[in-house]
Amino acid sequence: MSGTTLAEWLRAQDDTALVALLRARPDLATPPPADTVVLATRVGSRASVARACEDLDTLTLTVLEALLVLDADQRPVPLADLDRLFDVDVRPAVDALRGRALVWGDDGALATPPATRDAVNPFPCGLGRSVPALADADLDVLGDDERRVLSALAAGPPLGQTKDAAHVVSLAGARTPIQKLLARGLLVRRDAMTVELPREIGLKVRGDRPLGEVRVAEPPLTTAERDPATVDSTAGGAALELSRHVEGLLTGWSEEPPAVLRSGGVGVRELRRAAKDLDVDERRAALLVELVVNAGLLADTEGAEPEWVPTTQADAWLAAAPEHRWATLAQAWLDLPRLPGLIGRRDDRDRLLTALAPELNRPAAPRDRRRVLEALAALPHGTAAPDPDELAAVLAWRAPRRGGRLRDDLVRWTVEEGTAVGVLALDALTAQGRTLLTEGPGAAAKRLGDALPAPVDHVLVQADLTVVAPGRLEPELAEDIALVADVESAGGATVYRVHENSVRRAFDAGRTAADLHELFRARSRTPVPQSLTYLIDDAARRHGRLRGGAAGSFLRCDDPVLVTEVTAHPAAERLELRRIAPTVLISPYPLAEVLDGLRAAGFAPAAEGPDGRVLDLRAAGRRTAGKGRRRQASPAPPSEEQLGELVRLVRAGDQAATTAGGARVSVPGHLGAGPSATLALLQRAAREGRSVLVDFVDGHGTAARRVITPQSVGGGVLEGVDVSYGEVRRFPLHRITSAALVEDNPA
Numbered sequence: 055m056s057g058t059t060l061a062e063w064l065r066a067q068d069d070t071a072l073v074a075l076l077r078a079r080p081d082l083a084t085p086p087p088a089d090t091v092v093l094a095t096r097v098g099s100r101a102s103v104a105r106a107c108e109d110l111d112t113l114t115l116t117v118l119e120a121l122l123v124l125d126a127d128q129r130p131v132p133l134a135d136l137d138r139l140f141d142v143d144v145r146p147a148v149d150a151l152r153g154r155a156l157v158w159g160d161d162g163a164l165a166t167p168p169a170t171r172d173a174v175n176p177f178p179c180g181l182g183r184s185v186p187a188l189a190d191a192d193l194d195v196l197g198d199d200e201r202r203v204l205s206a207l208a209a210g211p212p213l214g215q216t217k218d219a220a221h222v223v224s225l226a227g228a229r230t231p232i233q234k235l236l237a238r239g240l241l242v243r244r245d246a247m248t249v250e251l252p253r254e255i256g257l258k259v260r261g262d263r264p265l266g267e268v269r270v271a272e273p274p275l276t277t278a279e280r281d282p283a284t285v286d287s288t289a290g291g292a293a294l295e296l297s298r299h300v301e302g303l304l305t306g307w308s309e310e311p312p313a314v315l316r317s318g319g320v321g322v323r324e325l326r327r328a329a330k331d332l333d334v335d336e337r338r339a340a341l342l343v344e345l346v347v348n349a350g351l352l353a354d355t356e357g358a359e360p361e362w363v364p365t366t367q368a369d370a371w372l373a374a375a376p377e378h379r380w381a382t383l384a385q386a387w388l389d390l391p392r393l394p395g396l397i398g399r400r401d402d403r404d405r406l407l408t409a410l411a412p413e414l415n416r417p418a419a420p421r422d423r424r425r426v427l428e429a430l431a432a433l434p435h436g437t438a439a440p441d442p443d444e445l446a447a448v449l450a451w452r453a454p455r456r457g458g459r460l461r462d463d464l465v466r467w468t469v470e471e472g473t474a475v476g477v478l479a480l481d482a483l484t485a486q487g488r489t490l491l492t493e494g495p496g497a498a499a500k501r502l503g504d505a506l507p508a509p510v511d512h513v514l515v516q517a518d519l520t521v522v523a524p525g526r527l528e529p530e531l532a533e534d535i536a537l538v539a540d541v542e543s544a545g546g547a548t549v550y551r552v553h554e555n556s557v558r559r560a561f562d563a564g565r566t567a568a569d570l571h572e573l574f575r576a577r578s579r580t581p582v583p584q585s586l587t588y589l590i591d592d593a594a595r596r597h598g599r600l601r602g603g604a605a606g607s608f609l610r611c612d613d614p615v616l617v618t619e620v621t622a623h624p625a626a627e628r629l630e631l632r633r634i635a636p637t638v639l640i641s642p643y644p645l646a647e648v649l650d651g652l653r654a655a656g657f658a659p660a661a662e663g664p665d666g667r668v669l670d671l672r673a674a675g676r677r678t679a680g681k682g683r684r685r686q687a688s689p690a691p692p693s694e695e696q697l698g699e700l701v702r703l704v705r706a707g708d709q710a711a712t713t714a715g716g717a718r719v720s721v722p723g724h725l726g727a728g729p730s731a732t733l734a735l736l737q738r739a740a741r742e743g744r745s746v747l748v749d750f751v752d753g754h755g756t757a758a759r760r761v762i763t764p765q766s767v768g769g770g771v772l773e774g775v776d777v778s779y780g781e782v783r784r785f786p787l788h789r790i791t792s793a794a795l796v797e798d799n800p801a
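If you want my numbering, it's the 1-based position in the sequence shown plus 54.
Have a look at this one:
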């Protein structure tokens with residue numbers, strides 16, 4: 055290719071342009087390039103070009119492909135030739151491509167890296183490879199059937215599969231349209247089953263639309279206005295519901311942990327059981343499982359028979375305020391390097407994908423998830439995008455090469471999951487969701503706390519033994535009500551139901567009938583119905599008449615008739631109960647097992663301590679060591695100062711390569727001449743006041759490079775001014791691996 059080379063063009067750019075290039079294409083800076091030639095080599099590599107194209111919008115990408123149609127990867131082309139292919143001004147797109155070094159040169163000679171064709175599209179704009187001899191081909195002699203074939207291939211892609219390409223025949227012997235076109239030379243035979251439409255013929259067939267259908271503008275996005283306060287409060291309700299479901303999941307799996315499948319993940323039956331226990335569908339249950347694992351609240355025990363068990367971190371989460379609970383889960387979702395939306399689908403081997411399966415891992419998922427949320431964040435607060443398909447179309451136009459075959463699915467999954475998590479509500483991004491994106495979980499928790507209504511300190515007890523919580527209950531009241539009643543429905547107002555088993559559960563936990571009467575009397579804004587009073591008193595009369603202690607265990611009762619009834623029951627034989635006094639029974643089994651067995655038989659025993667008070671023997675649940683989140687936070691992008699320093703080092707490398715007498719001096723450890731030559735070079739630079747480019751290994755074993763103006767060299771140490779920072783630094787000579795003069799100073 056004639057004209058300015060990429061390295062020459064990069065060298066001619068100012069520092070601001072190179073800093074912008076390194077910011078747009080961060081892979082170019084790792085490891086730091088030695089000079090512009092190394093930088094140009096990386097810029098033109100296939101992998102780097104492919105990564106750089108991921109952020110191009112549809113029009114800019116089409117402009118790049120149009121340059122390939124003009125063979126700009128082989129020779130420079132003028133901007134005027136490119137303009138003739140479009141009906142819109144393409145200069146902004148060309149400037150954007152220049153900013154990423156995907157195009158270089160002035161308007162009279164635009165060029166692209168040779169690897170661009172392979173990295174972007176081997177058939178740019180749906181056109182085949184060039185056959186210059188066909189530029190003047192006459193298509194007027196073709197029949198209608200031949201024209202239809204050319205039109206189909208001209209629409210792209212230019213390759214076609216056909217059996218008619220197996221044998222070459224003359225025009226006189228051709229019977230099918232494909233054979234006729236091959237005989238005329240208007241199609242090119244690539245193999246026995248493949249034909250290709252040459253670029254020149256494709257352009258002729260397309261006529262005044264040489265690039266086909268070019269989408270020059272972003273598709274429209276239908277929006278709707280929502281009340282921001284309603285959006286935030288609706289999401290607050292979803293956040294509380296999410297917290298309640300996660301608490302239920304942790305409680306259930308602490309008591310009955312599911313096994314880890316041999317291939318990893320959770321079994322379908324275990325997931326269905328969790329969904330049933332939580333009264334949610336399986337998709338939501340799967341999302342909950344993925345969240346708690348990524349948040350570090352659940353982990354596999356990694357033993358001989360591993361199980362999914364809550365971690366010690368779960369206890370801290372359970373004790374946290376609702377807004378902090380939500381922030382932990384929301385951040386875990388945002389950082390989740392997996393695609394829960396794939397759960398329930400089948401992989402390429404027709405295997406069902408389950409929750410926590412390794413096949414769901416997608417390292418790019420957090421980036422794609424943020425991209426969807428940032429698109430919604432660009433809309434004013436309270437503005438909704440009701441149609442996820444329209445949003446997917448907009449994002450596809452903005453970055454058509456991102457997301458692969460799941461690109462549009464990723465948008466729909468993000469909207470669905472974000473609504474379930476409480477980051478989105480009513481198709482709009484919430485205030486706490488915006489804060490989570492920009493300021494992190496701590497600030498987002500505070501924002502959610504402001505959106506949530508103040509906790510209420512009362513309930514409404516109904517005659518049908520339901521208890522209505524007209525909002526978020528105070529933590530102490532919520533704990534008391536959850537102990538004596540079960541959730542029947544949740545939402546803006548939570549409905550609990552009191553029944554015999556729930557009352558007995560409260561007694562088992564150490565509450566008395568007087569405690570429960572006082573709870574409802576003091577906390578209910580409605581009169582306590584007699585039916586509830588009777589239920590509590592009736593359960594209290596039966597509860598605790600049998601008392602158990604550890605002996606293995608014992609049972610005592612003031613009523614010998616009840617003791618006789620217990621010993622006559624079949625459960626007594628199974629529990630090996632033995633009467634040692636008219637009112638005392640003993641068993642070799644643990645007390646908790648004896649009490650559970652008697653309760654299953656219809657009795658209502660209670661556990662008592664040495665002082666005779668009722669004990670709470672409910673299992674605290676299993677725990678395993680926390681393992682933290684699966685995903686570590688992404689490293690922060692380099693600052694402007696760091697990028698500027700990198701550009702200065704590249705400039706220094708260029709100077710070292712071109713300055714007279716500035717050839718690099720290597721320092722092999724086994725050659726005495728190396729260190730001696732380096733020492734002499736540094737001493738000369740110190741005498742003449744010249745700068746040197748120094749490669750060295752720091753105390754951590756990391757290779758680094760600096761431009762130094764030596765002040766003194768001796769005693770095994772180089773002391774000089776670091777040109778980039780203006781600071782005096784000291785370098786042990788044995789750590790310097792090479793040095794080169796970077797400027798001439800005739801003085």
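By construction, the Cβ of each residue, glycine as well, lies at the ideal position given by its N, Cα and C atoms.
Scanning Arg-599, Ala-505, Ala-660, Leu-257 for the CA closest to the CA of Glu-267 turns up Leu-257. Assigned with DSSP and collapsed to three states, Pro-264 falls in coil, not helix or strand. A distance below 8 Å separates the beta carbons of Ala-237 and Leu-225.
Look at Pro-644 here: in three-state DSSP terms it is coil, with no helix or strand label.
Excluding sequence positions up to five before and after Arg-759, its CB lies within less than 6 Å of the CB of Leu-703, Asp-749, all in the same chain and listed in chain order.
Relative to Leu-502, the option among Arg-575, His-378, His-571 whose CA is nearest is His-378. Bridge pairing for Ser-578: Val-513 [DSSP]. When the alpha-carbon of Thr-468 is set against those of Pro-454, Asp-443, Ser-578, Trp-451, the nearest one is in Asp-443. Taking a 10 Å sphere around the C-beta of Pro-274, we find fewer than 16 other C-beta atoms and assign the residue as exposed. Residue pairing from DSSP places Leu-352 in a beta bridge opposite Pro-364.
Looking at Thr-763, Gly-774, Ile-790, the one whose alpha-carbon comes closest to that of Gly-755 is Ile-790. For Val-751, the uninterrupted beta strand (DSSP E) run begins and ends at 746–751, by DSSP. For the pair Val-796 and Pro-786, the CB atoms are not nearer than the 8 Å cut-off. Beta-bridge partners assigned by DSSP to Pro-786: Val-771.
If the five residues before and after Asp-591 are omitted, its C-beta is found closer than 8 Å to the C-beta atoms of Ala-567, all from its own chain and listed in chain order. In terms of Cβ geometry, Arg-424 and Leu-491 form a close pair [threshold 8 Å]. Exposed is the label assigned to Arg-741, since fewer than 16 other Cβ atoms lie within 10 Å of its Cβ. The alpha helix (DSSP H) runs lying completely inside the stretch 115–174 and spanning 4 residues or more are 133–137, 145–153, 170–174, given in chain order.
Contact annotation: the stretch 170–180 does not touch the stretch 76–96, with fewer than three C-beta pairs closer than 8 Å. One thing to note: Gly-598 has its Cβ no nearer than 8 Å to the Cβ of Phe-657. Secondary structure of Thr-248 (DSSP, three-state): strand.
Ala-544 is positioned such that its CB atom lies closer than 8 Å to that of Glu-295.
Listed as beta-bridge partners of Gly-602 by DSSP are Leu-609, Ala-661.
Contact between the stretch 149–163 and the stretch 185–197 is absent: fewer than three C-beta pairs spanning the two stretches fall below 8 Å. Ile-634 is classed as exposed because its beta carbon has fewer than 16 other beta carbons within 10 Å across all chains shown. The continuous beta strand (DSSP E) containing Asp-540 extends over residues 540–543. In this structure Leu-645 does not touch Val-617 by the C-beta definition: roughly 17 Å separates them, more than the 8 Å allowed.
According to DSSP, residue pairing for Arg-392 in a beta bridge involves Asn-415. A direct Cα-to-Cα measurement between Ser-205 and Pro-412 gives close to 45 Å. Pro-168 and Gly-98 have their C-alpha atoms spaced approximately 7 Å apart. When rounded, the separation of the alpha-carbon atoms in Glu-272 and Trp-362 is 46 Å. Apart from sequence neighbours up to five positions away, the residues of its chain that approach Val-782 with a beta-carbon distance below 8 Å are Gln-765, Glu-773, Gly-774, Val-775, Asp-776, ordered along the chain. Cβ neighbours of Glu-694 within its own chain (closer than 7 Å, five residues either side excluded): Val-73. Bounds of the alpha helix (DSSP H) holding Gly-487 are 485–493. The distance from the Cβ of Val-475 to that of Leu-383 is about 7 Å, consistent with a contact at the 8 Å cut-off.
For Val-270 and Cys-179, the gap between their C-alpha atoms comes out near 14 Å.
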